[in-house]
Amino acid sequence: MQIEFSAEQKALQQEIKRYLQQLFTPELTAELAAAGAEEGGGPEFRKALRQLGADGYISMSWPKELGGKEASAIDQYIFTEEIIRTGFPYPFLTTEACGPVMAEHASEEVRETVVKGILRGEVVVAIGYSEPGAGTDLAALTTRAEKEGDDWVINGQKIWTSLAEYSDYVWLAARTDPNAPKHKGITMFVVPTNAEGFSMSPIWTLGSVRTNATFYENIRLKDEWRVGEVNQGWKLITGQLNRERLSLVTHGQAEELYLRVARWAANTESANGKKIIDRGWVKYNLAKVRTGLEALKLVCWKQAWAMDKGTLQMADASVAKVYGTEFFLENYRMLMEIVGQASTLRRDEHTDALMGALEHRYRTGSILTFGGGTNEVQREIIAGAGLWMPRGRL
Amino acid sequence: MNFELTDDQRDVQVLSRKILEDYCTNEQLRRFDQGERFDPILWQELATAGLLGISIDEQFGGMGFDFETLCLLVEEVGRCVAPVPVISSLVLGAVALQRFGNDDVKRSVLPDVASGKSLLIAAFSEADHAGAVPTTLKATRSGQRWQLQGEKHFVPFAKLAQHLLISAQADDGAALFMLPSDTEGLRMQQHTSTAGEHQYALSFNNVELDDNQCVLAGDKAAAALTEINNLGVAATCAQMLGICEVMLRTTASYTSEREQFGVKVATFQAVGQRAADSYIDVECFRLVTQKAIYAVEHESPRDALAACLIAKIWAGDAGHRVSHAAQHLHGGMGVDRDYPLWRYCLWAKQLELTLGNSAELTEQLGEETAAEFKQALHN
Numbered sequence: 001m002q003i004e005f006s007a008e009q010k011a012l013q014q015e016i017k018r019y020l021q022q023l024f025t026p027e028l029t030a031e032l033a034a035a036g037a038e039e040g041g042g043p044e045f046r047k048a049l050r051q052l053g054a055d056g057y058i059s060m061s062w063p064k065e066l067g068g069k070e071a072s073a074i075d076q077y078i079f080t081e082e083i084i085r086t087g088f089p090y091p092f093l094t095t096e097a098c099g100p101v102m103a104e105h106a107s108e109e110v111r112e113t114v115v116k117g118i119l120r121g122e123v124v125v126a127i128g129y130s131e132p133g134a135g136t137d138l139a140a141l142t143t144r145a146e147k148e149g150d151d152w153v154i155n156g157q158k159i160w161t162s163l164a165e166y167s168d169y170v171w172l173a174a175r176t177d178p179n180a181p182k183h184k185g186i187t188m189f190v191v192p193t194n195a196e197g198f199s200m201s202p203i204w205t206l207g208s209v210r211t212n213a214t215f216y217e218n219i220r221l222k223d224e225w226r227v228g229e230v231n232q233g234w235k236l237i238t239g240q241l242n243r244e245r246l247s248l249v250t251h252g253q254a255e256e257l258y259l260r261v262a263r264w265a266a267n268t269e270s271a272n273g274k275k276i277i278d279r280g281w282v283k284y285n286l287a288k289v290r291t292g293l294e295a296l297k298l299v300c301w302k303q304a305w306a307m308d309k310g311t312l313q314m315a316d317a318s319v320a321k322v323y324g325t326e327f328f329l330e331n332y333r334m335l336m337e338i339v340g341q342a343s344t345l346r347r348d349e350h351t352d353a354l355m356g357a358l359e360h361r362y363r364t365g366s367i368l369t370f371g372g373g374t375n376e377v378q379r380e381i382i383a384g385a386g387l388w389m390p391r392g393r394l
Numbered sequence: 001m002n003f004e005l006t007d008d009q010r011d012v013q014v015l016s017r018k019i020l021e022d023y024c025t026n027e028q029l030r031r032f033d034q035g036e037r038f039d040p041i042l043w044q045e046l047a048t049a050g051l052l053g054i055s056i057d058e059q060f061g062g063m064g065f066d067f068e069t070l071c072l073l074v075e076e077v078g079r080c081v082a083p084v085p086v087i088s089s090l091v092l093g094a095v096a097l098q099r100f101g102n103d104d105v106k107r108s109v110l111p112d113v114a115s116g117k118s119l120l121i122a123a124f125s126e127a128d129h130a131g132a133v134p135t136t137l138k139a140t141r142s143g144q145r146w147q148l149q150g151e152k153h154f155v156p157f158a159k160l161a162q163h164l165l166i167s168a169q170a171d172d173g174a175a176l177f178m179l180p181s182d183t184e185g186l187r188m189q190q191h192t193s194t195a196g197e198h199q200y201a202l203s204f205n206n207v208e209l210d211d212n213q214c215v216l217a218g219d220k221a222a223a224a225l226t227e228i229n230n231l232g233v234a235a236t237c238a239q240m241l242g243i244c245e246v247m248l249r250t251t252a253s254y255t256s257e258r259e260q261f262g263v264k265v266a267t268f269q270a271v272g273q274r275a276a277d278s279y280i281d282v283e284c285f286r287l288v289t290q291k292a293i294y295a296v297e298h299e300s301p302r303d304a305l306a307a308c309l310i311a312k313i314w315a316g317d318a319g320h321r322v323s324h325a326a327q328h329l330h331g332g333m334g335v336d337r338d339y340p341l342w343r344y345c346l347w348a349k350q351l352e353l354t355l356g357n358s359a360e361l362t363e364q365l366g367e368e369t370a371a372e373f374k375q376a377l378h379n
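The listed protein sequences correspond, in order, to chains A and B. Under the numbering used here, the first sequence has 245 at position 245, and the numbering climbs by one with no breaks. Under the numbering used here, the second sequence has 170 at position 170, and the numbering climbs by one with no breaks.
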């Protein structure tokens, strides 16, 4: 075994660190620090995304025939982890989940416009899966796409369509055969957000992050905007879930906060003249965080390695999802305890950036335990696929 | 990055598993549930297969594989809760001697350890101290002689050993000694551990040793003892891993067969979710253990120590949780001595408290972490 990066991987990590440092201009930093812009969509964000496209980072892990560099899952993980550390709202679902699937299955027209746009960093795609009546039970979705002549007409409503406010397209799952078993009547479409009949209303979340309800009213699409075979959409949805789940729980962001808090504690004096880090319980919290973080890092490394070997087991991706998302919450809590009440101050120009980051992260962290496939379902998968236990009653 | 075993390692794993699984039936294990937990026939079988000398150098009668390969045998011993002293003899004893003994000592002891002819047992633990460098057993030097005064605790197999390897506190730092178990002035008080094995408290009352019985002393000894302790911790994690894997799989199988209310117990969501939590614990614990085993051979002393502390904290936490989930989900079967699970649960508890427990090691990791960050500020 060799449980560390190879020399080449370490060099790549350094190269990416340096690259990202120069990507972060003062203008971009200022834009992302402004309230409401931290999820991206502003002009500086767009500029940086185009730069990432031009420099070949977006296509890094894509197959060669789709214009990518076919980087290993580990190299891709190194990139993902580093960019998450910077706080850049990189649109993973566009680049890792939708993009490669569209590139493989979409029509010439979609490949030329949407896929090439993604690769150039000019296009962001929102995910149109969940509906008011179809969350964890996603295949219960009822948004309809009906054939009219050569065209499709789409009617329905999606919810939690995050990033739709600045996305160029929605990657939409719609029911095309209401009589088929529920997993077998779904087809994928790409819907331009400027299509006639498309509208949205914002949903403001506990974490101050905006998401959206999106509405589809008699939207007419040419057949070219369908992706994959009719009624075969479920496979396209589930095919990318492993990568998607891994990019949800990369350890970089949590480690970055740990490092910043530990440095702050080592450098800051409390009233009695001792450093914060000299308190017993502060050391204890740091050790607990470090212990959990090390496991998360190794879980992610092992998964990326297994993806490259083609040996990733279904239960493994669920282990990462459950452990990672639940650890994040513990991690934020223990780090906030160290910083104390200052960590409950929201970020603004008068607040220390570290405190603001902690406050923001804990408040946005809670969505991950149920988003991306709720953790109870992940545990069902683990019991079934990992332990061969008979499936529970649903 | 590579999480794969080499072909040689896989061979060692398969061979160990075959010998141990064939031998360690419930009936066989029952014979060793009380008393000395040492089966000389099994020990000899392992010796004949070459497994006692896995990581002893070829020139001293072993196979010369690395520590990682030795830990595969240790994990299999955990899986079978086999009554053999792999850690106190092969890891804390033989590996320690091989790394820090001189050639004369190695030549006189290691070939007999590899062949199973003599038993080398390490005694490092003290009454209230699980760390590497001892605090209460004092070694005083006068001329070419040493005098030992103090106690060692929780030492299994001490009565059976030909050679005891002892850590001590000398005037100028740590020291390591090897002595016969019938040395004059050494007394052994027998105890029975929670898992049922005999352990001994050793008291050294003015024990006189020759200078050639001192394996190591001076300024390098403290770092050596830390390294030995790390090896012991990493191997203990490997043994705990084997135990946890079996507890987890046994629970999954049992609940998949057992019926209540007309259905398999495993189909209740509460049961499946709890078993899944154990699965997550075991996966995390496996990875930090593999990392610790890797780190003790390939990373800096500071990183190796941190990796071992993290792995042992996980061993204590995961071992405790997986054990009690297994007992609970088995219902009465989990505590029935005719069903094999109980043995694993007791061993999980014993290993949890061996070579440092989660709370004290978390404190130690906190100290290490604070020191690292304070030092980084000054650089």
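All C-beta atoms, glycine included, are put in the ideal place defined by N, C-alpha and C. Small disclaimer: the values here were computed from a predicted structure and weren't measured.
Identity of the residue in the options nearest residue i by Cα
{"i": "A/Arg220", "options": "A/Val191, A/Tyr362, A/Gly117", "result": "A/Val191"}
{"i": "A/Ala295", "options": "B/Trp314, B/Arg145, B/His378, B/Glu68", "result": "B/Trp314"}
{"i": "A/Val261", "options": "A/Ser343, A/Ile84, A/Phe92", "result": "A/Ser343"}
{"i": "A/Tyr166", "options": "A/Asn212, A/Asp137, A/Arg347", "result": "A/Asn212"}
{"i": "B/Ser89", "options": "B/Ala235, B/Glu352, B/Ala168", "result": "B/Ala235"}
{"i": "B/Glu76", "options": "B/Cys24, B/His163, B/Asp277", "result": "B/Cys24"}
{"i": "B/Val95", "options": "B/Gln169, B/Leu165, B/Leu160", "result": "B/Leu165"}
{"i": "A/Trp204", "options": "A/Ser162, A/Gln341, A/Leu66", "result": "A/Ser162"}
{"i": "B/Asp210", "options": "B/Gln34, B/Ala306, B/Ile56, B/Gln144", "result": "B/Gln144"}
{"i": "A/Lys182", "options": "A/Gly233, A/Ala30, A/Ile58", "result": "A/Gly233"}
{"i": "B/Arg343", "options": "B/Asp7, B/Leu5, B/Ser193", "result": "B/Ser193"}
{"i": "A/Arg379", "options": "A/Ile367, A/Glu337, A/Glu326", "result": "A/Glu326"}
{"i": "B/Val233", "options": "B/Glu21, B/Cys71, B/Gly53, B/Val14", "result": "B/Cys71"}
{"i": "A/Arg18", "options": "A/Ala35, A/Phe79, A/His350", "result": "A/Phe79"}
{"i": "A/Glu38", "options": "A/Arg361, A/Ala266, A/Ser366", "result": "A/Arg361"}
Proximity of residue i and residue j at Cβ, strictly below 8 Å
{"i": "A/Leu257", "j": "A/Leu358", "result": "yes"}
{"i": "A/Asn218", "j": "A/Val153", "result": "yes"}
{"i": "B/Leu51", "j": "B/Leu29", "result": "no"}
{"i": "B/Pro83", "j": "B/Phe157", "result": "no"}
{"i": "A/Trp305", "j": "B/Phe3", "result": "yes"}
{"i": "B/Ile121", "j": "B/Val91", "result": "no"}
{"i": "A/Gly121", "j": "A/Leu52", "result": "yes"}
Cα-Cα separation between residue i and residue j, rounded to whole angstroms
{"i": "B/Asn212", "j": "B/Phe38", "result": "30 Å"}
{"i": "B/Glu259", "j": "B/Thr267", "result": "10 Å"}
{"i": "B/Arg79", "j": "B/Val322", "result": "14 Å"}
{"i": "B/Leu225", "j": "B/Ala174", "result": "8 Å"}
{"i": "A/Lys274", "j": "B/Arg302", "result": "25 Å"}
{"i": "A/Asp75", "j": "B/Leu287", "result": "20 Å"}
{"i": "A/Pro132", "j": "B/Ala311", "result": "44 Å"}
{"i": "A/Ala195", "j": "A/Gly41", "result": "19 Å"}
Residue i in three-state terms, based on DSSP
{"i": "B/Leu305", "result": "helix"}
{"i": "A/Asn218", "result": "strand"}
{"i": "A/Ser61", "result": "coil"}
{"i": "B/His153", "result": "strand"}
{"i": "B/Asp210", "result": "strand"}
{"i": "B/Tyr200", "result": "strand"}
{"i": "A/Thr187", "result": "strand"}
{"i": "A/Ala317", "result": "helix"}
{"i": "A/Gln232", "result": "coil"}
{"i": "A/Trp301", "result": "helix"}
{"i": "A/Met200", "result": "strand"}
{"i": "A/Arg226", "result": "strand"}
{"i": "B/Ala161", "result": "coil"}
{"i": "A/Glu146", "result": "strand"}
{"i": "A/Lys69", "result": "coil"}
{"i": "B/Ile280", "result": "helix"}
{"i": "A/Lys47", "result": "helix"}
Between the region 200-219 of chain B and the region 233-248 of chain B, do at least 3 Cβ pairs fall closer than 8 Å?
no
Below 8 Å, how does it come out for the region 275-284 of chain B and the region 247-261 of chain B: are there three or more Cβ pairs, yes or no?
yes
Original post:
Is it a yes or a no for the region 41-51 of chain B touching the region 104-119 of chain B, going by three-plus beta-carbon pairs under 8 Å?
Top reply: yes
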